[in-house]
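**Q** Per the numbering used here, residue 5 is the first one in the sequence shown, and the count goes up by one each step.
Glycine included, every Cβ here is placed at the ideal spot set by N, Cα and C.
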Amino acid sequence: MPDPVPAALAGSSVTLRGVRKEFPGGVVAIDPMDLDVAAGEFLAILGPSGCGKSTLLRMISGLERPTAGTVEVHRPSTTGHAGRFDIAYVFQDAHLLPWRTVLSNAAMPLELRGIGRAERQARAADALANVGLGDALARYPNQLSGGMRMRVSLARAMVTDPTLLLLDEPFAALDEITRQRLDEQLRELWQARRMTVIFVTHSTTEAVFLADRAVVMSKRPGRIISDRAVALAPARVGALRGTADFVHETRIVYEALERGEASA
Ligand SMILES: Nc1ncnc2c1ncn2[C@@H]1O[C@H](COP(=O)(O)OP(=O)(O)O)[C@@H](O)[C@H]1O
Ligand SMILES: [Mg+2]
Numbered sequence: 005m006p007d008p009v010p011a012a013l014a015g016s017s018v019t020l021r022g023v024r025k026e027f028p029g030g031v032v033a034i035d036p037m038d039l040d041v042a043a044g045e046f047l048a049i050l051g052p053s054g055c056g057k058s059t060l061l062r063m064i065s066g067l068e069r070p071t072a073g074t075v076e077v078h079r080p081s082t083t084g085h086a087g088r089f090d091i092a093y094v095f096q097d098a099h100l101l102p103w104r105t106v107l108s109n110a111a112m113p114l115e116l117r118g119i120g121r122a123e124r125q126a127r128a129a130d131a132l133a134n135v136g137l138g139d140a141l142a143r144y145p146n147q148l149s150g151g152m153r154m155r156v157s158l159a160r161a162m163v164t165d166p167t168l169l170l171l172d173e174p175f176a177a178l179d180e181i182t183r184q185r186l187d188e189q190l191r192e193l194w195q196a197r198r199m200t201v202i203f204v205t206h207s208t209t210e211a212v213f214l215a216d217r218a219v220v221m222s223k224r225p226g227r228i229i230s231d232r233a234v235a236l237a238p239a240r241v242g243a244l245r246g247t248a249d250f251v252h253e254t255r256i257v258y259e260a261l262e263r264g265e266a267s268a
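Right, dumping it as structure tokens:
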């Protein structure tokens, strides 16, 4: 495991300027958008279905090119990560290979980079232990619950020690209790590693629990209609969800989302 790096320096900052996305056929997914994400920030993005959230993440990851404008992902300035930035992506579907063990699935990104067997197994075992799967290394995906499969997917994303972690509604298909446990684990991972995180979700409570800042988008073409800090202390434990402050923050984000749904 790499040495711990100072908070807010282990992550990539992200800069979007005048980003627009029009698909062939004329669907405008994103109207000109400016967005700055600071190094080590945990940002949640919310918005109505079809407003362009996934398109936005794909452009940040480089999977999709903007029609106009620029997307920049910067290198962190620490010695631990100097000269390197690395983007990991987690989708709603865990996308595990059924014929590979949990350990072998989590080690795949290292295998693709040509890292030797002993090192990749050690690093994958470490990443799996960090999401509570230290006992499940030899299992196969069909022997896991949905929540466990998603934890393997998260471990696989973290195994390269990414400087930017993009998550596209990763826990949306899970039951509420499982989702809450995963949110807690993800927040802990972030507090330990301080990679930059951009998390797309439909859930206002999930956004407020996880993130330090919430951006709400309007209906397509997606524009930012609300962008504010979540006014809660950095330490997030399950009991926070029952507090008046939490309910208050959730309501503010919910009202922005309602305005986004209503916008033309
Ligand atoms: N490859 C594509 N070709 C044409 N239209 C697309 C493509 N990908 C997404 N869209 C359209 O762009 C809009 C935004 O999609 P998406 O980013 O997936 O929204 P969200 O993730 O917010 O639900 C939708 O209207 C969708 O149908
Ligand atoms: Mg989407």
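1) Roughly how many angstroms separate the alpha carbons of Asn-109 and Ala-266, rounded to a whole number?
2) Could you give the first and the last residue of the continuous beta strand (DSSP E) run that contains Arg-21?
3) Secondary structure at Val-163, three-state DSSP: helix, strand or coil?
4) Output the distance between the C-alpha atoms of Pro-102 and Arg-153, rounded to the nearest integer angstrom.
5) Which residues in the same chain have their Cβ closer than 6 Å to the Cβ of Arg-155, if we skip the five residues on either side of it in sequence?
6) Given a threshold of 16 other Cβ atoms within 10 Å of its Cβ, counted over all protein chains shown, does Ile-4 qualify as buried or as exposed?
7) Give the DSSP-derived three-state secondary structure of Pro-10 in the structure shown.
8) Is there at least one non-hydrogen atom of ligand 3 closer than 7 Å to the beta-carbon of Thr-59?
9) With 16 other CB atoms within 10 Å as the buried threshold, where does Glu-210 fall?
10) Assuming Met-63 contacts Val-77 under a Cβ cut-off of 8 Å, what Cβ separation, rounded to an integer in Å, is found between them?
11) In this structure, does DSSP put Ala-92 in helix, strand or coil?
12) Thinking just about the alpha-carbon of each residue, which of Leu-116, Gly-242 and Leu-61 is nearest to the one in Leu-186?
13) So, is Glu-259 buried or exposed, given that buried needs 16 or more other C-beta atoms within 10 angstroms?
14) Between Val-32 and Gln-125, what straight-line distance do the alpha-carbon atoms span, to the nearest angstrom?
15) Taking Thr-200 as part of the beta strand (DSSP E), name the residues at either end of that continuous run.
16) Check Phe-213 in the structure and name its three-state DSSP category.
17) Compare the beta carbon distance of Gly-16 and Leu-168 with 8 Å and say whether it is the shorter of the two.
18) Once DSSP output is grouped into helix, strand and coil, what is the label at Ser-256?
19) Assign Arg-124 to one of three DSSP states: helix, strand, or coil.
20) In angstroms with no decimal places, state the Cα-to-Cα distance between Ala-12 and Arg-197.
21) Using 8 Å for Cβ pairs, my map puts Ile-34 next to Leu-60. What's the rounded Cβ distance?
22) Given a threshold of 16 other Cβ atoms within 10 Å of its Cβ, counted over all protein chains shown, does Asp-97 qualify as buried or as exposed?
23) Arg-255 and Leu-47: beta carbons closer than 8 Å?
24) Could you check if Ala-110 belongs to the surroundings of ligand 1, using beta carbon to heavy atom distance under 7 Å?
25) Classify Thr-74 as helix, strand or coil using the three-state DSSP reduction.
26) Which residues mark the beginning and the end of the beta strand (DSSP E) in which Val-106 is found?
**A** If we stick to the structure as given:
1) When the Cα atoms are used, Asn-109 and Ala-266 turn out to be separated by approximately 42 Å.
2) In the DSSP annotation of this structure, the continuous segment of the beta strand (DSSP E) that includes Arg-21 starts and ends at 18–26.
3) Val-163: coil per DSSP, three-state reduction.
4) Approximately 11 Å, taken between the alpha carbons.
5) Non-local C-beta neighbours of Arg-155 in its own chain, meaning closer than 6 Å and more than five positions away in sequence, comprise Val-135 and Leu-137, ordered along the chain.
6) A question about residue 4 goes unanswered here, because the residues of the chain that appear run from 5 up to 268.
7) Any reading at Pro-10 must be qualified, since the residue scores a pLDDT of 48, below 50, and its modelled position is unreliable; the value itself is stated next. The answer is coil: DSSP assigns Pro-10 none of H, G, I, E or B.
8) In the structure shown, ligand 3 is absent; the only ligands present are ligand 1 and ligand 2.
9) By the Cβ neighbour-count rule, Glu-210 is buried, with 16 or more other Cβ atoms within 10 Å of its own.
10) In fact, because the Cβ distance is near 11 Å, the residues do not count as touching under 8 Å.
11) In this structure, Ala-92 counts as strand in the three-state DSSP scheme.
12) Selected option, being the one with the closest Cα: Gly-242.
13) It is exposed - the Cβ of Glu-259 has fewer than 16 other Cβ atoms within 10 Å.
14) Each residue's Cα considered, the two are about 44 Å apart.
15) Thr-200 -> beta strand (DSSP E) spans 200–204.
16) Reduced to three states, the DSSP call for Phe-213 is helix.
17) In the sequence on display, residue 16 carries Ser and not Gly. Yes, Cβ-Cβ distance for Ser-16 and Leu-168 is below 8 Å.
18) Residue identity differs from the one stated: residue 256 is Ile in this sequence, not Ser. The answer is helix: DSSP assigns Ile-256 an H, G or I state.
19) In this structure, Arg-124 counts as helix in the three-state DSSP scheme.
20) For Ala-12, the predicted structure reports a pLDDT of 45, less than 50, and the residue's modelled location is therefore unreliable. The matter cannot be settled from this model.
21) Indeed they touch by this definition, with Cβ atoms about 6 Å apart.
22) Its Cβ having fewer than 16 others within 10 Å, Asp-97 is exposed.
23) The criterion of a C-beta distance shorter than 8 Å is not satisfied by Arg-255 and Leu-47.
24) For Ala-110, the Cβ stays outside the 7 Å cut-off from all heavy atoms of ligand 1.
25) Secondary structure at Thr-74: strand, using DSSP grouped into helix, strand and coil.
26) Looking at the DSSP string, Val-106 is not in any beta strand (DSSP E); the run it does join, the alpha helix (DSSP H), is 106–110.
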